[in-house]
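Below is one structure, written out as C-alpha cells; the observations come after it.
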Amino acid sequence: MAAFCVSCGNPLADGARFCTKCGATQPAAVAPVQTPAPVAPVPSKGSSTGMKILIGVLAFFMFLILVVAGSCVYIGYRVRQKAHEFSKSMGGDAKPYTGRRQPCAMLSTSEASSALGQAVASVEQRGTMSCEYTFGSSGKHFDIITPGKTAESRWGSLAAP
Ligand SMILES: [Zn+2]
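FYI, in this note's numbering the residues of the sequence shown are 29 to 189.
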C-alpha cells in the first residue's frame, strides 16, 4: 500500500512510522490492521476451550465406561474360570448326570447301614435324582441327591427329618 507523509507528502515505504525526509510521525496504518487480529481469535479461542472441556468430559465418561465394562468382563472371566475349575474338580470332562443312573444303586443298603451305624429299614427311590434311606426305630431318613456322577456328590444331602 503506497503511503505519503502527512506533513510533506514524501512517498513512504509500506508500514513506515516516520517520514524519511522530514521525520514527521506518521499515523500508523499498521495499527488498524493489527486491531482486528486479536479480536478475531477471542471467540474461536473461547469455543475451542469449550470444546476441550467437552472432549475432556467425554473422555472421562468413556474412561468410566471402559473401567466398568472392563471390570464386568474381568468378573465374568473369573466366574467362568471358577466354574471351569469346579467342573474339573467334579469329574473332569465327564458328561453331567443325565438321569439314567439309579440313585439308590450308588449307595447300597449295607454301605448305608455301616455309614449310618444303624440298620437301614427301607430304601426308596424318589424321582430320578434322589433316593431316600429310612433307618432307625423312629423312622429317620436321609436323601441322596445325584446331580452329578461323582462319589462325593452322593453324600451331598444328608438330612435329618
Ligand atoms: Zn515528511
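For each residue, glycine too, the CB sits at the ideal point set by N, CA and C.
So for residue i, helix, strand or coil by DSSP?
{"i": "R154", "result": "strand"}
{"i": "A31", "result": "strand"}
{"i": "A133", "result": "helix"}
{"i": "C36", "result": "coil"}
{"i": "T48", "result": "coil"}
{"i": "A147", "result": "coil"}
Is the closest heavy atom of ligand 2 to the C-beta of residue i under 7 angstroms?
{"i": "A52", "result": "By its list of ligands, the structure shown excludes ligand 2, since it contains just ligand 1."}
Using only the alpha-carbon positions, how far apart do residue i and residue j sit?
{"i": "V61", "j": "C36", "result": "Confidence in V61 is poor, its pLDDT being 48 and thus under 50, which makes the residue's placement unreliable; the coordinate value appears in the next sentence. Rounded to the nearest angstrom, the two C-alpha atoms are 24 angstroms apart."}
{"i": "F163", "j": "Q146", "result": "7 angstroms"}
{"i": "R154", "j": "K168", "result": "16 angstroms"}
{"i": "E110", "j": "M90", "result": "According to the sequence displayed, residue 110 carries Lys and not Glu. So the two alpha carbons sit approximately 30 angstroms from each other."}
{"i": "R12", "j": "H112", "result": "Since the first and last residues shown for the chain are 29 and 189, residue 12 lies out of range."}
{"i": "C132", "j": "I103", "result": "39 angstroms"}
{"i": "L82", "j": "C100", "result": "27 angstroms"}
How would you write the range of the beta strand (DSSP E) that residue i sits in, first residue to last?
{"i": "K168", "result": "168 to 173"}
Who are the near neighbours of residue i in its chain, counting only those whose CB is closer than 8 angstroms to its CB and skipping five residues on each side?
{"i": "C50", "result": "C33, S35, C36, N38"}
Which partner residues of residue i appear in the DSSP bridge assignment?
{"i": "T77", "result": "Partner(s): none; T77 has no beta bridge."}
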